[in-house]
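Quick note, the sequence shown lines up with residues 1 to 522 if you use UniProt numbering. All C-beta atoms in this analysis are idealised placements derived from N, C-alpha and C, irrespective of residue type, glycine included. Quantities reported herein were computed from a predicted structural model and do not represent experimental measurements. Quick notes on the structure that follows.
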Amino acid sequence: MATKFVLTLALCRLIVTVGLMSLDPRELIGINDHRFSLDPAQLESASRDFGGQNQAEPLAIFHPTSADDIRGLVQAAYESGHGWAVSARGHGHSINGQAHAKNGVVIEMSGSKQLPRVDESLKYVDVWGGELWIDVLNYTLRYGVAPKSWTDYLYLSVGGTLSNAGISGQAFNHGPQISNVYELDVVTGKGELRTCSEEQDSELFHAVLGGLGQFGIITRARIALESAPQRVRWIRLLYSNFSRFTHDQEYLISLHMLPAAQKFDYVEGFVIVDEGLINNWRSSFFSPSNPVKISSVVGANGGVLYCLEITKNYDQSSAHTIDQEVGELLKELQYIPATEFTTDLPYVNFLNRVHKAEVKLRSKGLWEVPHPWLNLFIPKSRIDEFDKGVFRGILGNKTSGPILIYPMNKNKWDERSSVVTPDEEVFYLVALLRSALDGGEETQTLKYLSDQNRQILRFCDDAGIKIKQYLPHYNTQKQWMDHFGDKWPTIYQRKMEFDPKHILATGQRIFQPNFRTYTGSL
Numbered sequence: 001m002a003t004k005f006v007l008t009l010a011l012c013r014l015i016v017t018v019g020l021m022s023l024d025p026r027e028l029i030g031i032n033d034h035r036f037s038l039d040p041a042q043l044e045s046a047s048r049d050f051g052g053q054n055q056a057e058p059l060a061i062f063h064p065t066s067a068d069d070i071r072g073l074v075q076a077a078y079e080s081g082h083g084w085a086v087s088a089r090g091h092g093h094s095i096n097g098q099a100h101a102k103n104g105v106v107i108e109m110s111g112s113k114q115l116p117r118v119d120e121s122l123k124y125v126d127v128w129g130g131e132l133w134i135d136v137l138n139y140t141l142r143y144g145v146a147p148k149s150w151t152d153y154l155y156l157s158v159g160g161t162l163s164n165a166g167i168s169g170q171a172f173n174h175g176p177q178i179s180n181v182y183e184l185d186v187v188t189g190k191g192e193l194r195t196c197s198e199e200q201d202s203e204l205f206h207a208v209l210g211g212l213g214q215f216g217i218i219t220r221a222r223i224a225l226e227s228a229p230q231r232v233r234w235i236r237l238l239y240s241n242f243s244r245f246t247h248d249q250e251y252l253i254s255l256h257m258l259p260a261a262q263k264f265d266y267v268e269g270f271v272i273v274d275e276g277l278i279n280n281w282r283s284s285f286f287s288p289s290n291p292v293k294i295s296s297v298v299g300a301n302g303g304v305l306y307c308l309e310i311t312k313n314y315d316q317s318s319a320h321t322i323d324q325e326v327g328e329l330l331k332e333l334q335y336i337p338a339t340e341f342t343t344d345l346p347y348v349n350f351l352n353r354v355h356k357a358e359v360k361l362r363s364k365g366l367w368e369v370p371h372p373w374l375n376l377f378i379p380k381s382r383i384d385e386f387d388k389g390v391f392r393g394i395l396g397n398k399t400s401g402p403i404l405i406y407p408m409n410k411n412k413w414d415e416r417s418s419v420v421t422p423d424e425e426v427f428y429l430v431a432l433l434r435s436a437l438d439g440g441e442e443t444q445t446l447k448y449l450s451d452q453n454r455q456i457l458r459f460c461d462d463a464g465i466k467i468k469q470y471l472p473h474y475n476t477q478k479q480w481m482d483h484f485g486d487k488w489p490t491i492y493q494r495k496m497e498f499d500p501k502h503i504l505a506t507g508q509r510i511f512q513p514n515f516r517t518y519t520g521s522l
């Protein structure tokens, strides 16, 4: 392997030296190495992401065939004396250009098709960092097993979600995806390929999990597995009273220590401010044979309704008890009578529910539009204020996309990871997953939705609600320091240890390439 990168190293060093002069450094890449691509279509694709709000073209795209290829590329950048940006790109689902590498190299992680490997005991699966979760699911189901914790959308890369946290309605029970990892192979910003876990190289392990790509590129992840259920009972319940809605959500996640028969397997919720959002791109739950008339439900809170979304997993051996188990759990809830909507479907169809709607939106040209998303972790103690100020205040009656809201248990999160969460035992995710449409109503424009996001953040700041952004985005290092709070010294020390030249994930804007001195205070 040592000689494999000799030419590439020489080329990359030349790029850094000559690229500062008048020559176009892209002319020096890819001439003799098939792993580099200068294809205009690939460069243009890598310059965009799902958010559709930022564009930054890299010098080249790198298609690795192994972890050692990535190690060699990053080592070349590190040893150049100057360094250049290197970003790993999975499915390109970032929102604010986090995977961009302006004037650098984007590693196309999805290009290397390395089959997952399920161990003989069926307790874990080893997967390539660029593998999509839908492919992991389909592979593990051959063995009757599946990962424990998910995201709502499965066409995301393993390395991408583990670099953030990876959350969905199972997080109250199993924790985020980063709490279900046994081991990682990581290429650090020094070009070192290292295996890490709780027991081995633990500082790197915890740094990378939720580390926003700042400390290393995940090339392999060992994911915990459980027996896969065959079917899912999927239930939606409507509320007009926010306090009852949150009380029931918090009650359901408090059952996480009980046996499986005495709790639900998935707890989420969403806010409805207009009837059109009962069916949205997240799912196609309701159908003509199972309609819901929002207008028939009187909203006590200015027309705002709240939907509790829960599921119970089962298979043929437990099918005879599913009705009783669900019935016992529903007895404790305070939803509006006659607003219980239920469907049954295969497990894989439930997990992959968003993709069905994605296909429809793509066919209408409504998928690849700007997505000014805002994802917030909000302390339980302040969620009522957020409801009054945002759901029944700032948003009005048009949202341009679904609004998720569900609580999680902090004790399911490992504080040693790089993720920051509110300092309360229960906190909520509120995700405003909006889409901006050209030529639509004013409330659907990118400017309007972006301004509204800023208004929501100002409201939280003025009210003293100590939120934390999930999938965070900030423009200054001071803002990042405020975001990490007491964890900032640890984040800084990890950066200096694992990526001292600030080569990795510069699109996050946490550490600029010329940033070299630590201020020592927040």
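Take the alpha-carbon of E250 and the one of I405: they are about 12 Å apart. Rounded to whole angstroms, the gap between the alpha carbons of A85 and T161 is 21 Å.
About 23 Å separates the Cβ atoms of T339 and L429, ruling out a contact at the 8 Å cut-off. Residue nearest to G83 within the set A101, S94, G90 and D69 is A101 (criterion: CA-CA distance). The beta carbon of Q316 lies closer than 6 Å to none in the same chain, with the five residues before and after it left out. An exposed status is given to E120, since fewer than 16 other beta-carbon atoms sit within 10 Å of its beta-carbon.
Residue range S202 to V208 is occupied by the alpha helix (DSSP H) that includes L204.
Bridge pairing for W234: T311 and T343 [DSSP]. Residue burial annotation: V419 is buried, with at least 16 other C-beta atoms found within 10 angstroms of its C-beta. Note on H320: under 16 other CB atoms within 10 angstroms of its CB, so exposed under the neighbour-count rule. For the 9 Å CB-CB criterion, A228 and L305 do not form a contact.
For T490, the three-state secondary structure derived from DSSP is helix. Counting every other CB atom within 10 Å of its CB across the protein chains shown gives E441 a total below 16, marking it as exposed. Per DSSP, the unbroken alpha helix (DSSP H) holding F386 starts and ends at I383 to F386. Partner residues in a beta bridge of K380, as assigned by DSSP, do not exist. Contact fails between the stretch 171-182 and the stretch 60-67, because fewer than three Cβ pairs, one in each stretch, are under 8 Å apart. Only exposed fits M257, as fewer than 16 other CB atoms lie within 10 angstroms of its CB. In this structure L308 is buried. Its beta-carbon is surrounded by 16 or more other beta-carbon atoms within 10 angstroms. For I336, the closest alpha carbon among the candidates K410, S240, N352 and N375 is that of S240. Secondary structure remark: continuous beta strand (DSSP E) runs of at least 3 residues inside the stretch 412-445, in chain order: 426-432. Going by beta carbons, D344 and R233 fall inside the 9 Å limit. 9 Å or more divides the Cβ of L184 from the Cβ of Q98. In the structure shown, V186 adopts extended strand secondary structure according to DSSP, grouped into three states. Nearest to I167 by C-alpha distance, out of G464, L376 and D451, is L376. A residue is called buried when at least 16 other Cβ atoms come within 10 angstroms of its Cβ; T476 does not meet this threshold and is exposed.
Put simply, the backbone Cα of L333 is about 29 Å away from that of P147. For M408, DSSP records a beta bridge to F427.
For K478, the three-state secondary structure derived from DSSP is helix.
For F50, the secondary structure class from DSSP, reduced to helix, strand or coil, is coil. Looking at the DSSP output, N375 shares a beta bridge with A431 and Y470. V136 is bridged by DSSP to nothing; it lacks a bridge partner.
Exclusion of the five residues before and after Y139 leaves P116 as the residues of its chain whose Cβ lies within less than 6 Å of its Cβ.
With a cutoff of 9 Å on beta-carbon distance, L432 and I403 are scored as near each other. Counting of Cβ neighbours within 10 angstroms places N349 among the exposed residues, the total staying below 16. Straight-line spacing of the CA atoms in D462 and W133 works out to 39 Å.
The alpha-carbon separation between L43 and R194 amounts to approximately 29 Å.
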